[in-house]
Amino acid sequence: GKSTLLSILAGTLRADAGTVRTGGRVSWPMGFSGGFANDLNGIQNARFVARIHGADTDAVVDFVTEFSELGADMRLPVRVYSAGMRARLAFGLSMALDFDWYLVDEIIAVGDQRFRARAEAHFRDRLTGAGLVMVSHAPAILRQYCSGAILLSPAGARVFSDLEEALTVQAGAAMA
């Protein structure tokens, strides 16, 4: 359900019922690399995404190349990228564009410890002017980024303005 919710918010999946209204520019789920054209190289994929979002293609390519640390590998077809390289390209693209809302499914950053620290710092900087919708079962991650929560259950959604209260209710529901 949680990944489905993010896909609906991102506009890549239609809700079975009801209406979804979003305000502002909404990211795709952070780090999602399933949308890459495998026969295109990293630069071509970055340009394609930049054009879709109306961004300066050269600026996006420059940012992604530097941020992802892929260097000359940006000229290789994405189909030869390792999972880590794809994740760096995807995260770099997510950070290259300004969104009003960032969607996160469990994990924020990938790569080695140095890259993760750099990516997390950049992401936190982005969040100073944007909102976050994060789905996770990991209380420690939620505590790092969230102040409130929405718990999803078969009975519906329950909104909590206090994250700790939501975690307590969730823990109780899991024990029942």
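Number 215 marks the last residue of the sequence shown (this note's numbering); no jumps. Beta carbons are placed, not taken as given, at the ideal position from N, Cα and C, and that holds for glycine. Keep in mind it's a predicted model, so treat the numbers as computed, not measured.
Along the chain, where does the beta strand (DSSP E) containing residue i start, and where does it finish?
| i | result |
| --- | --- |
| Ser192 | Ala188 to Ser192 |
| Gly196 | Residue 196 is actually Ala in this sequence, not Gly. Taken as a continuous stretch (DSSP letters only), the beta strand (DSSP E) holding Ala196 covers Gly195 to Phe199. |
| Leu52 | Per DSSP, Leu52 belongs to no beta strand (DSSP E) and is neither H nor E. |
| Ser175 | From DSSP, Ser175 is part of no beta strand (DSSP E); its letter is neither H nor E. |
| Val65 | Val65 to Pro68 |
I need the boundaries of the alpha helix (DSSP H) containing residue i, first residue and last residue.
| i | result |
| --- | --- |
| Ala49 | Lys41 to Ala49 |
| Leu181 | Pro178 to Tyr184 |
May I have the straight-line CA-CA distance separating residue i from residue j, to the nearest angstrom?
| i | j | result |
| --- | --- | --- |
| Leu48 | Arg153 | 31 angstroms |
| Thr96 | Gly57 | 36 angstroms |
| Phe75 | Arg64 | 20 angstroms |
| Gly70 | Met124 | 11 angstroms |
| Phe87 | Val119 | 19 angstroms |
| Asp137 | Arg90 | 14 angstroms |
| Asp139 | Ala194 | 30 angstroms |
| Arg53 | Arg60 | 12 angstroms |
| Phe102 | Gly211 | 45 angstroms |
| Thr207 | Gly50 | 31 angstroms |
| Ala205 | Arg114 | 46 angstroms |
| Pro116 | Asn77 | 6 angstroms |
| Leu45 | His92 | 19 angstroms |
| Leu109 | Ser121 | 11 angstroms |
| Asp164 | Asp55 | 35 angstroms |
| Ala94 | Thr104 | 16 angstroms |
| Ser42 | Gly62 | 20 angstroms |
| His161 | Glu203 | 26 angstroms |
| Val172 | Asp151 | 25 angstroms |
Leaving out the 5 sequence neighbours to the left and right, which residues in its chain are closer than 6 angstroms to residue i when beta-carbon positions are compared?
| i | result |
| --- | --- |
| Ser107 | Arg127, Leu128 and Gly131 |
| Thr189 | Per the sequence shown, residue 189 should be read as Ile rather than Thr. Once the five neighbours on either side are set aside, the close Cβ partners of Ile189 are Ala196 and Val198. |
| Ser200 | Gly187 |
In its own chain, which residues sit with a C-beta less than 7 angstroms from the C-beta of residue i, not counting the 5 before and 5 after it?
| i | result |
| --- | --- |
| Gly40 | Leu191 |
| Ser133 | Ser66, Met69 and Gly70 |
| Val100 | Ile82, Ala85 and Arg86 |
For residue i, collect the residues of the same chain with a Cβ closer than 8 angstroms to its Cβ; drop the 5 residues on either side in sequence, then sort them by chain order.
| i | result |
| --- | --- |
| Leu166 | Tyr141 and Tyr184 |
| Val149 | Gly70, Gly123, Ala126, Arg127, Phe130, Arg155 and Ala158 |
Those runs of the beta strand (DSSP E) which lie wholly inside the stretch 75-151 and span at least 3 residues
140-144
Assess, as a yes-or-no matter, whether the stretch 77-91 is touched by the stretch 177-184 under the definition of 3 or more beta carbon pairs within less than 8 angstroms.
The stretch 177-184 is not in contact with the stretch 77-91.
Does the structure place the stretch 134-145 close enough to the stretch 163-177 that three or more beta carbon pairs sit under 8 angstroms?
yes
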